[in-house]
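Input: a single structure, listed below in structure tokens.
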Ligand code: NAD
Ligand code: WQD
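Numbering (this note's numbering), first residue to last: 1 to 336.
This is the structure we're talking about:
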């Protein structure tokens, strides 16, 4: 019996493979490698001693995906595969709707045909939109999203809620991630963005390792304690373990949205200082104009995950920084 992990060669998927294997699961990965690395899966096999069947296929391909369900006895699916760059989604909305919705629709069709009804989906705090008060509580529902990436996640949540209503055996968790950072403590796998990183932590790590000259801090006069934006950063291994907890939650049927965050906001300047103090590496930075679309601050109300899944983030900001640096300094060019 295996868990199918779509997008398992990507950042969060690869870390979740380790958490699943640690919890005693067998895993099967499908990934088209459009933004992932087969090397990540190979390294996880080395680290864990487990063989991980790997299919380099498009999750939206009906014939190829149904063959995976035919080849393996799949008991649950974690669906990470998709496109995730906010800025790119504004330029290529058709790609984002096609890939993110197309993979999900094909996946749930193949699952139903194979009689598999347990699904954990990678959603995002972005579905709360720009108007929700902080901290974000699941009960607010979805807000008005400001880019095609976020809208695709909100649309998928709606699709999966409708799917769950149509057949009583579905158990679907919509996990709304806040800001995952860090790496497995081995330093063997980590975040390896292609091109210029969009996100703060990988950009900072690449500055620290000398791949980029300086960090630009987007905006210094936000209505926050130090003027820079605040986010809820959580360790990717805590996030990974949240997926195992969701998979093991047999109490609910239907479809449930659950925040995965720490519940505490951290500013950009605090992030820089935390990184510098644990690594002794200075991060040159300048404060520049605000980035379009950034919200001043948001963080999770993380109580539902604790109550429903018995999950809460346990790794500190220092561990996030230590593990990021361990990965980046051992792998300055990522998997290449
Ligand atoms: P990632 O890009 O590292 O991983 C996604 C993986 O999916 C990649 O390996 C890519 O090759 C694969 N993929 C893309 N399209 C595919 C397709 N059609 N068929 C098969 N494989 C395909 O991203 P990540 O950071 O690991 O994010 C995983 C999921 O979590 C995504 O759905 C993302 O939207 C969501 N999410 C990420 C964050 C974040 O900050 N990283 C926050 C909230 C939600
Ligand atoms: C964090 C903070 C930036 C880079 C994005 C998506 C969101 C989710 C997670 C998927 C912000 C600042 C950043 C830099 C900076 N992804 N920053 N200099 O924007 O909170 O969330 O990733 O679902 O949907 O929007 O994360 O890491 O890009 O930014 O000052 O070079 O760091 O302004 O305040 P964000 P981020």
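Where a beta carbon is used, it is the ideal one built from N, C-alpha and C, also for glycine. This structure is a prediction, so every number in the text was calculated from the model and none was measured.
Rounded to whole angstroms, what is the Cα-Cα separation between residue i and residue j?
i: residue 151; j: residue 128; result: 10 Å
i: residue 293; j: residue 204; result: 20 Å
i: residue 90; j: residue 248; result: 36 Å
i: residue 120; j: residue 72; result: 18 Å
i: residue 30; j: residue 330; result: 27 Å
i: residue 75; j: residue 53; result: 15 Å
i: residue 269; j: residue 333; result: 25 Å
i: residue 116; j: residue 311; result: 24 Å
i: residue 230; j: residue 272; result: 12 Å
i: residue 98; j: residue 158; result: 16 Å
i: residue 286; j: residue 228; result: 12 Å
i: residue 12; j: residue 44; result: 13 Å
i: residue 306; j: residue 245; result: 10 Å
i: residue 21; j: residue 5; result: 12 Å
i: residue 192; j: residue 113; result: 35 Å
i: residue 226; j: residue 178; result: 21 Å
i: residue 118; j: residue 77; result: 6 Å
i: residue 68; j: residue 284; result: 48 Å
i: residue 253; j: residue 142; result: 21 Å
i: residue 335; j: residue 37; result: 7 Å
i: residue 146; j: residue 59; result: 26 Å
Let me know the secondary structure DSSP gives residue i once reduced to three states.
i: residue 6; result: strand
i: residue 147; result: coil
i: residue 75; result: strand
i: residue 286; result: strand
i: residue 51; result: coil
i: residue 295; result: coil
i: residue 117; result: coil
i: residue 184; result: coil
i: residue 69; result: helix
i: residue 215; result: strand
i: residue 300; result: strand
i: residue 230; result: strand
i: residue 250; result: coil
i: residue 142; result: coil
i: residue 86; result: helix
i: residue 336; result: coil
i: residue 136; result: strand
i: residue 166; result: helix
i: residue 196; result: coil
i: residue 122; result: strand
i: residue 265; result: coil
i: residue 152; result: helix
i: residue 39; result: helix
Mind checking which residues open and close the alpha helix (DSSP H) that includes residue i?
i: residue 307; result: 303-309
i: residue 206; result: 200-208
i: residue 343; result: The question about residue 343 has no answer, for the chain in this structure spans 1 to 336.
i: residue 236; result: 236-247
i: residue 329; result: 317-330
Please look up how many angstroms separate the CB atoms of residue i and residue j, rounded, as I've assumed it's under 8 Å.
i: residue 80; j: residue 10; result: 6 Å
i: residue 40; j: residue 14; result: 4 Å
i: residue 215; j: residue 207; result: 5 Å
i: residue 160; j: residue 175; result: Between residue 175 and residue 160 the Cβ distance is about 12 Å, and since that is not below 8 Å, they are no contact.
i: residue 251; j: residue 315; result: No, residue 251 and residue 315 are not in contact; Cβ-Cβ is about 26 Å, not under 8 Å.
i: residue 255; j: residue 325; result: No, residue 255 and residue 325 are not in contact; Cβ-Cβ is about 38 Å, not under 8 Å.
i: residue 154; j: residue 136; result: No, residue 154 and residue 136 are not in contact; Cβ-Cβ is about 14 Å, not under 8 Å.
i: residue 56; j: residue 95; result: That belief does not hold up - the Cβ atoms of residue 56 and residue 95 are roughly 19 Å apart, past 8 Å.
i: residue 224; j: residue 267; result: 6 Å
i: residue 66; j: residue 27; result: No, residue 66 and residue 27 are not in contact; Cβ-Cβ is about 19 Å, not under 8 Å.
i: residue 123; j: residue 257; result: 7 Å
i: residue 297; j: residue 134; result: 6 Å
i: residue 101; j: residue 156; result: 6 Å
i: residue 317; j: residue 233; result: 7 Å
Which stretch, first to last residue, makes up the beta strand (DSSP E) that contains residue i?
i: residue 16; result: Per DSSP, residue 16 belongs to no beta strand (DSSP E); it is in the alpha helix (DSSP H), 11-22.
i: residue 225; result: No beta strand (DSSP E) contains residue 225, which DSSP labels as neither H nor E.
i: residue 260; result: 254-260
i: residue 277; result: Premise fails: residue 277 lies in the alpha helix (DSSP H), 268-279, not in any beta strand (DSSP E).
i: residue 171; result: 171-177
i: residue 30; result: 26-30
Verify the contact flag: residue i, CB atom, against every heavy atom of the ligand MN, threshold strictly below 8 Å.
i: residue 153; result: Judged by which ligands are present, the ligand MN is missing from the structure shown, whose ligands are the ligand NAD and the ligand WQD.
Check whether chain B comes within 9 Å of residue i, counting only Cβ atoms and requiring the distance to be less than that.
i: residue 108; result: Any reference to chain B falls outside this structure, which holds one protein chain only.
Tell me, please, whether the stretch 99-110 touches the stretch 232-243 by the rule of three or more beta-carbon pairs shorter than 8 Å.
no
Inspect the CB distances between the stretch 204-219 and the stretch 159-174 and report whether three or more fall short of 8 Å.
no
Is the stretch 296-305 in contact with the stretch 254-274, if contact means three or more CB pairs nearer than 8 Å?
yes
Counting pairs of beta carbons, one from the stretch 308-328 and one from the stretch 180-198, are three or more of them closer than 8 Å?
yes
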